[in-house]
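Structure (structure tokens):
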């Protein structure tokens, strides 16, 4: 009895109803179907090649769209496999219908199976979709295997019935409904660690994503894709680690998993899309060298479907693992993607996880800069690389801080010249108990907050300084000598825990303002000095160095910054000479910034490219954030300073779209340091001394890998100032 020609639905139901004792011949069928997707051919663990196709026909329609059925074909060589295009029609002869049970549970799923070797009778024919009005009888296959008879009345009828669907799928603007959502298809937003932290087998998942970047710098060891689908990855604890599946990707366990950072610009070995999207997480897909598809890597900007990939969590970052069984196929964005992404852009929805203000909000701080629109950390880093002045308003999470020893969060402040003169006058006065008491009070040091915060949102992470009054406003605690006040240290720990809490509802978020601080490249400074030998040098004994350009005449705080302190170099120039890491970081990226040199100089008050060297982002400062529930009424009074606040060079609003106006010349202090504190120039020098070795070479973003964390912890004993 000849094998009948059936539809997909009929063949599946017929075989499903067979008894378990049915033979191989009873489960065979002949089918005409349309190719929805075709994976790249890949090597099996043996000698065969394998390819997977997703098929559909009109019988697999449902209220939610077409259902697809997978066809798996094994063959001795790639040329023998049915390497089809989307919209092609495939005729299958003597194909086996079987069912398999998903490893994650659920009902069994149908699958078609064929093997291109004797004595298996399986064969196929591939047809291109016909042009409108073409006769079905004239259709000829462009590829066949193990087929002796072609054509016939039945074949003509089947081809004519499938041509409308095939032409629609193959067209550049397909209007065919997408297949209904697969239980394995996950958005980036859906990725999560297993509920049981001891489970060693994360589920197999599929993803439909766009490739934003491809990193081949270590292609002998691995290749990393950065993929995106306009959704935000779920916030995870910063110390969460989850190994990949032991049964599929055991080789990854010896590759020292680490956090991966999306490159913002193309470099040698790194391809990046011309314009990165401002919203949505870029998730790294790690491919070991032996797992890279033989058909090549997808191009940046292309949409792909990742199949049978695993999950990996490294220090709170969710990563995708492309293993030996994983596959890549070309894809199209979801029909709902464009509307979804446009809605996010129109609503300034920079993060999907913080609850909106209509519900119980998990945004624990309020930002006083309501005139600024929210942007993402990816946008902050991009604008900082272009020397935008800021400030930038961001929704982000606190994932860590430095120093780890909270007793070092407050630093003693040096005496100002006026205080030193008063102290000298008291010493000259000599006798008198009142004079001695006044002298003791004057010699007691003042304290100020100074710490680094590790901040993160769905698009990236960075490291920022929390200083002075801004720290007091955020933490709700006055600065003091924490080494002598254990209760204050305990309160500080409790408040940091509250700011960095993570739960199943998206964690705790902060609404803050960030401002970048820029520094001139030292090499360019040296070249300028060589080109201008006639410039008078500072006289011996004066406290002038490379900080001279930062000093504000008439400000006592700036004069205090120039005084050498105990344990510090006598001049800023000596301090810079003792830091080769700073020179290396300033050297990197200078060539990329030559075109924008004039803009950076103009922002600093120069007349053009020859007035100031190019500038690059050095560090970020957190400001204008208040945690209301930490400030009980009457608990803390913020005293306004009577004198002028010190300002950073480049101080001032960005004046762009995010500042709500067209250019503002108003300059704002980057963090309102109390009167009598060290100047901003001194704060910068001290911060640079403690943070240069931990900063990335490009001066923009810090990778949170184990080596960097260890280096930071080794510097905890060093003062930031």
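Numbering (full-length UniProt numbering), first residue to last: 1 to 721.
Where a beta carbon is used, it is the ideal one built from N, C-alpha and C, also for glycine.
What separation, rounded to the nearest whole angstrom, lies between the Cα atoms of residue i and residue j?
| i | j | result |
| --- | --- | --- |
| residue 38 | residue 86 | 7 Å |
| residue 262 | residue 276 | 10 Å |
| residue 259 | residue 224 | 11 Å |
| residue 340 | residue 448 | 46 Å |
| residue 116 | residue 217 | 38 Å |
| residue 354 | residue 456 | 13 Å |
| residue 352 | residue 188 | 12 Å |
| residue 210 | residue 185 | 14 Å |
| residue 10 | residue 58 | 11 Å |
| residue 74 | residue 45 | 12 Å |
| residue 389 | residue 190 | 36 Å |
| residue 506 | residue 396 | 11 Å |
| residue 319 | residue 6 | 42 Å |
| residue 25 | residue 55 | 22 Å |
| residue 92 | residue 67 | 18 Å |
| residue 165 | residue 465 | 59 Å |
| residue 305 | residue 484 | 58 Å |
| residue 509 | residue 288 | 35 Å |
| residue 19 | residue 167 | 38 Å |
| residue 325 | residue 486 | 55 Å |
| residue 170 | residue 453 | 51 Å |
| residue 267 | residue 299 | 16 Å |
| residue 364 | residue 499 | 7 Å |
| residue 33 | residue 47 | 29 Å |
| residue 8 | residue 279 | 41 Å |
| residue 42 | residue 293 | 7 Å |
| residue 90 | residue 159 | 9 Å |
| residue 12 | residue 118 | 25 Å |
| residue 108 | residue 380 | 48 Å |
Just checking my contact of residue i with residue j at CB under 8 Å: how many whole Å lie between their CB atoms?
| i | j | result |
| --- | --- | --- |
| residue 282 | residue 303 | Not a contact, Cβ separation roughly 14 Å. |
| residue 316 | residue 237 | 6 Å |
| residue 147 | residue 123 | 4 Å |
| residue 377 | residue 460 | 4 Å |
| residue 808 | residue 31 | Within the shown structure, residues of the chain are numbered from 1 to 721, placing residue 808 beyond reach of any answer. |
| residue 403 | residue 372 | At roughly 30 Å, the Cβ-Cβ gap does not stay under 8 Å, so residue 403 and residue 372 are not in contact. |
| residue 458 | residue 233 | 6 Å |
| residue 3 | residue 120 | Contact flag wrong, Cβ pair sits at about 14 Å. |
| residue 621 | residue 517 | 6 Å |
| residue 368 | residue 206 | In fact, because the Cβ distance is near 45 Å, the residues do not count as touching under 8 Å. |
Among residues of its own chain, excluding the 5 on either side of residue i, which ones have a beta-carbon nearer than 8 Å to its beta-carbon?
| i | result |
| --- | --- |
| residue 488 | 477, 480 and 482 |
| residue 492 | 406, 409, 475, 477 and 482 |
| residue 343 | 349 |
| residue 142 | 126, 127 and 128 |
| residue 144 | 123, 124, 125, 126 and 150 |
Would you decide whether residue i is buried or exposed? Buried here means 16 or more other CB atoms lie within 10 Å of its CB.
| i | result |
| --- | --- |
| residue 463 | buried |
| residue 295 | exposed |
| residue 100 | exposed |
| residue 497 | exposed |
| residue 150 | exposed |
| residue 534 | With a pLDDT of 47 at residue 534, under the threshold of 50, the predicted position of this residue should be treated as unreliable, and no value is reported. |
| residue 338 | exposed |
| residue 139 | buried |
| residue 291 | buried |
| residue 231 | buried |
| residue 336 | exposed |
| residue 370 | exposed |
If you drop the 5 nearest sequence neighbours on each side, which residues of the same chain put their C-beta closer than 7 Å to that of residue i?
| i | result |
| --- | --- |
| residue 366 | 511, 626 and 628 |
| residue 77 | 49 |
| residue 163 | 129 and 130 |
To which residues of the same chain is residue i closer than 6 Å at the C-beta, ignoring the five residues directly before and after it?
| i | result |
| --- | --- |
| residue 215 | 224 and 270 |
| residue 212 | 226, 228, 273 and 282 |
| residue 98 | 111 and 113 |
| residue 27 | 15, 96 and 97 |
| residue 53 | 35, 38 and 71 |
| residue 329 | 37, 39 and 305 |
| residue 301 | 273 |
Quick check on residue i - is its C-beta less than 8 Å from some C-beta in chain D?
| i | result |
| --- | --- |
| residue 395 | Absent from the structure: chain D. Only one protein chain is present. |
Continuous beta strand (DSSP E) assignments of at least 3 residues falling wholly in the segment 60-114: 69-75 and 89-100
Which residue spans inside the segment 448-484 form an unbroken beta strand (DSSP E) run of at least 3? 460-467
Quick check for students: name the residue ranges of the beta strand (DSSP E) that lie wholly in the segment 243-326, counting only runs of 3 or more. 270-272, 283-288, 303-314 and 317-322
What are the complete beta strand (DSSP E) segments, minimum 3 residues, inside the segment 329-391? none
Which runs of the alpha helix (DSSP H) spanning at least 4 residues fall entirely within the segment 14-49, listed in chain order? none
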